[in-house]
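Peer 1: Numbering (our numbering), first residue to last: 2 to 219.
One structure is given below, represented as structure tokens, and several questions about it will come after.
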């Protein structure tokens, strides 16, 4: 089959003037994780208690591979970075010093879809420290008859405080044994702490109009 490859450069300029937040309390607002999608958000906070001051330009490039016969996108790759024209004064804690970096981390993502399989990986690189801050990879299988299997890995490094480092694996599945019976399970394991975070296992019976599940979770 013939394939079409796209090349998609993107520029996104954002300007939000500084406003004094001294009299605005912090209730349920947090800060988004830094991802490729975050490069194009208008506010780095996920609530209305904080409106981030911004004068920045995002530069990004994406490429997609598309099957001409089916229209299915079977591979995509993206990379991007933010360039800041001024310090960022607004933080969750208003007593925190302004962010003074002139550029963000570089974020890249790659994803693929092939028959019943799909995968996704991302990496975040700190150009100031010349080190990788964060990364993740996930592989998914979804077959006929509700056959599902997922496996994933992720890590995060805090170079200022190693106690905040994170490295975890995930395995989850739901698999039919017959037309009525299936098993399901999940294991989330912390490599950093050498212990299970969550384990789950169960069995399910389902007929035309009712179902019963027995699940153990720890």
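Here a beta-carbon is modelled for each residue, glycine too, at the ideal position from N, C-alpha and C.
May I ask you to report which of helix, strand or coil DSSP gives residue 165?
Peer 2: If you number the chain shown from 1, residue 165 lands on position 164. Residue 165 falls in the helix class under three-state DSSP.
Peer 1: Compare the beta carbon distance of residue 139 and residue 157 with 8 Å and say whether it is the shorter of the two.
Peer 2: Residue numbering aside, residue 139 sits at position 138 when the chain shown is read from its first letter. Residue numbering aside, residue 157 sits at position 156 when the chain shown is read from its first letter. When the beta-carbon positions are compared, residue 139 and residue 157 stay at least 8 Å from each other.
Peer 1: How about residue 172 and residue 148: do their beta carbons lie closer than 8 Å?
Peer 2: The residue given as residue 172 occupies position 171 in the chain shown. The residue given as residue 148 occupies position 147 in the chain shown. Cβ atoms of residue 172 and residue 148: not closer than 8 Å.
Peer 1: Would you check if the stretch 118-137 and the stretch 87-99 touch, i.e. whether three or more CB-CB distances between them fall below 8 Å?
Peer 2: no
Peer 1: When you compare each of 62, 216 and 40 to residue 55 by their alpha carbons, which one comes out closest?
Peer 2: By 1-based counting over the chain shown, the position of residue 55 is 54. Of the candidates 62, 216 and 40, the one whose C-alpha sits nearest the C-alpha of residue 55 is 40.
Peer 1: For residue 137 versus residue 153, is the C-beta distance shorter than 8 Å?
Peer 2: If you number the chain shown from 1, residue 137 lands on position 136. If you number the chain shown from 1, residue 153 lands on position 152. Contact flag set, yes.
Peer 1: Does the distance from the C-beta atom of residue 74 to that of residue 80 stay below 8 Å?
Peer 2: On the chain shown, residue 74 is found 73 positions in, with the first residue counted as 1. On the chain shown, residue 80 is found 79 positions in, with the first residue counted as 1. Taking 8 Å as the Cβ cut-off, residue 74 and residue 80 do not qualify as a contacting pair.
Peer 1: Would you mind sorting residue 11 into buried or exposed? The rule is 16 or more other CB atoms within 10 Å of its CB.
Peer 2: Numbered from its first residue, the chain shown carries residue 11 at position 10. That one is exposed.
Peer 1: Output needed for residue 6: all residues of its chain with C-beta closer than 6 Å, excluding positions within five of it in sequence on either side, in chain order.
Peer 2: To locate residue 6, count along the chain shown from 1; it is residue 5. Result list for residue 6: 66, in chain order.
Peer 1: So that I know if they touch, is there some Cβ in chain D lying closer than 8 Å to that of residue 184?
Peer 2: Among the chains of the structure shown, chain D does not appear; only one protein chain is present.
Peer 1: How would you write the range of the beta strand (DSSP E) that residue 8 sits in, first residue to last?
Peer 2: Mapped onto the chain shown, residue 8 falls at position 7. Note, residue 8: beta strand (DSSP E), 4-17.
Peer 1: Check whether the Cβ atoms of residue 150 and residue 132 lie closer than 8 Å to each other.
Peer 2: Along the chain shown, one-based indexing puts residue 150 at 149. Along the chain shown, one-based indexing puts residue 132 at 131. No. Outside cutoff.
Peer 1: Judging by CA-CA distance, which residue of 124, 37, 31 and 162 is the nearest neighbour of residue 94?
Peer 2: As a position in the chain shown, residue 94 is number 93, starting the count at 1. Of the candidates 124, 37, 31 and 162, the one whose C-alpha sits nearest the C-alpha of residue 94 is 31.
Peer 1: Would you mind giving the Cβ-Cβ distance between residue 33 and residue 45, rounded to the nearest angstrom? I have them listed as a contact below 8 Å.
Peer 2: The residue labelled residue 33 in the question sits at position 32 within the chain shown. The residue labelled residue 45 in the question sits at position 44 within the chain shown. The Cβ separation is near 6 Å, so the contact holds.
Peer 1: Check for me: the beta strand (DSSP E) holding residue 33 runs from which residue to which?
Peer 2: If you number the chain shown from 1, residue 33 lands on position 32. Residue 33 -> no beta strand (DSSP E), and no H or E assigned at all.
Peer 1: Assuming residue 167 contacts residue 200 under a Cβ cut-off of 8 Å, what Cβ separation, rounded to an integer in Å, is found between them?
Peer 2: Here the question's residue 167 lines up with position 166 in the chain shown. Here the question's residue 200 lines up with position 199 in the chain shown. No, residue 167 and residue 200 are not in contact; Cβ-Cβ is about 18 Å, not under 8 Å.
Peer 1: Is the separation between the beta-carbon of residue 69 and that of residue 116 shorter than 8 Å?
Peer 2: For the purposes of this step, residue 69 is taken as residue 68 along the chain shown, with counting starting at 1. For the purposes of this step, residue 116 is taken as residue 115 along the chain shown, with counting starting at 1. Against a cut-off of 8 Å, the Cβ pair of residue 116 and residue 69 comes out as no contact.
Peer 1: Do residue 17 and residue 61 come within 8 Å of each other at the CB atom, strictly closer than that value?
Peer 2: Within the chain shown, the letter at position 60 stands for residue 61. Within the chain shown, the letter at position 16 stands for residue 17. The answer is no: Cβ separation not under 8 Å.
Peer 1: Give the DSSP-derived three-state secondary structure of residue 160 in the structure shown.
Peer 2: Sequence index remark: in the chain shown, residue 160 carries index 159 (1-based). Collapsing the DSSP output to three states places residue 160 in coil.
Peer 1: Compare the beta carbon distance of residue 108 and residue 28 with 8 Å and say whether it is the shorter of the two.
Peer 2: Position 107 of the chain shown, counted from the start, is the residue given in the question as residue 108. Position 27 of the chain shown, counted from the start, is the residue given in the question as residue 28. Contact: no.
Peer 1: Leaving out the 5 sequence neighbours to the left and right, which residues in its chain are closer than 8 Å to residue 130 when beta-carbon positions are compared?
Peer 2: For the purposes of this step, residue 130 is identified with residue 129 of the chain shown, where counting begins at 1. These residues qualify, in order along the chain: 160.
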